[in-house]
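Trainee:
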Amino acid sequence: MTLAEPIQQKTAWHPDELAILQKSIAEGRSYGQIAAQLGRSRCAVGGMATRIKANGGEIIPRKKPAPAPVKSSPTPIGAPQQIFGEDEGLTITDLAPHQCRFSIGAREDGVWVFCGERTRKLGDALCNHHHKLSYVPVQRRR
Numbered sequence: 077m078t079l080a081e082p083i084q085q086k087t088a089w090h091p092d093e094l095a096i097l098q099k100s101i102a103e104g105r106s107y108g109q110i111a112a113q114l115g116r117s118r119c120a121v122g123g124m125a126t127r128i129k130a131n132g133g134e135i136i137p138r139k140k141p142a143p144a145p146v147k148s149s150p151t152p153i154g155a156p157q158q159i160f161g162e163d164e165g166l167t168i169t170d171l172a173p174h175q176c177r178f179s180i181g182a183r184e185d186g187v188w189v190f191c192g193e194r195t196r197k198l199g200d201a202l203c204n205h206h207h208k209l210s211y212v213p214v215q216r217r218r
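The letter at position 106 of the sequence shown is residue 182 when you use my numbering, and the numbering goes up by one with no holes.
(1) I need the DSSP call for I168, collapsed to helix, strand or coil.
(2) Report the option in A112, I96 and I180 whose CA atom is closest to the CA atom of C191.
(3) How many Å lie between Q175 and R218 at the Cα?
(4) Could you tell me the distance, in whole angstroms, from the CA atom of R196 to the CA atom of R177?
(5) Please report the residue range of the beta strand (DSSP E) in which G181 lies.
(6) Here's the rule I'm using: 16 or more other beta-carbon atoms within 10 Å means buried, otherwise exposed. How should S100 be labelled?
Given below as structure tokens:
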């Protein structure tokens, strides 16, 4: 096998390949030499050898990856997601600079609505209530 030849990707290990792998490791051959003989990558051979060695010669079955978590729509902090009527709530374009921008839910048409209460001071994004919910005070190190 030359360096220019691509290695075909294989998935499962055949019992004959495992026997050759174990025999070759016992003979002291390198992972690269074993990989060339089996037609697998050096990393695949090294990984399988590690799994075999870790279990006293028996193959450790590979764990299946955990299923990906189901992504749901974000729920605002401090308030359950609510559905408002078409005319209820303030949209982001309705808010003035001194009104709270804390998202409180969505309208029936899918547009998010916001708190709209007066902020603590001009330039803040949240009212007192939502500021307390959103920020954790910095604690001193011990």
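Note that beta-carbon positions come from the ideal geometry of N, C-alpha and C, so glycine has one too.
All of these numbers come straight from a predicted model, not from anything done at the bench.
Mentor: By the coordinates alone:
(1) Looking at I168 - three-state DSSP - the assignment turns out to be coil, as it is neither helix nor strand.
(2) Looking at the Cα atoms, I180 is the closest of the given residues.
(3) Each residue's alpha carbon lies about 38 Å from the other.
(4) For the pair R196 and R177, the Cα-to-Cα distance works out to about 12 Å.
(5) Start and end: S179 to R183.
(6) S100 is buried by the Cβ-count criterion.
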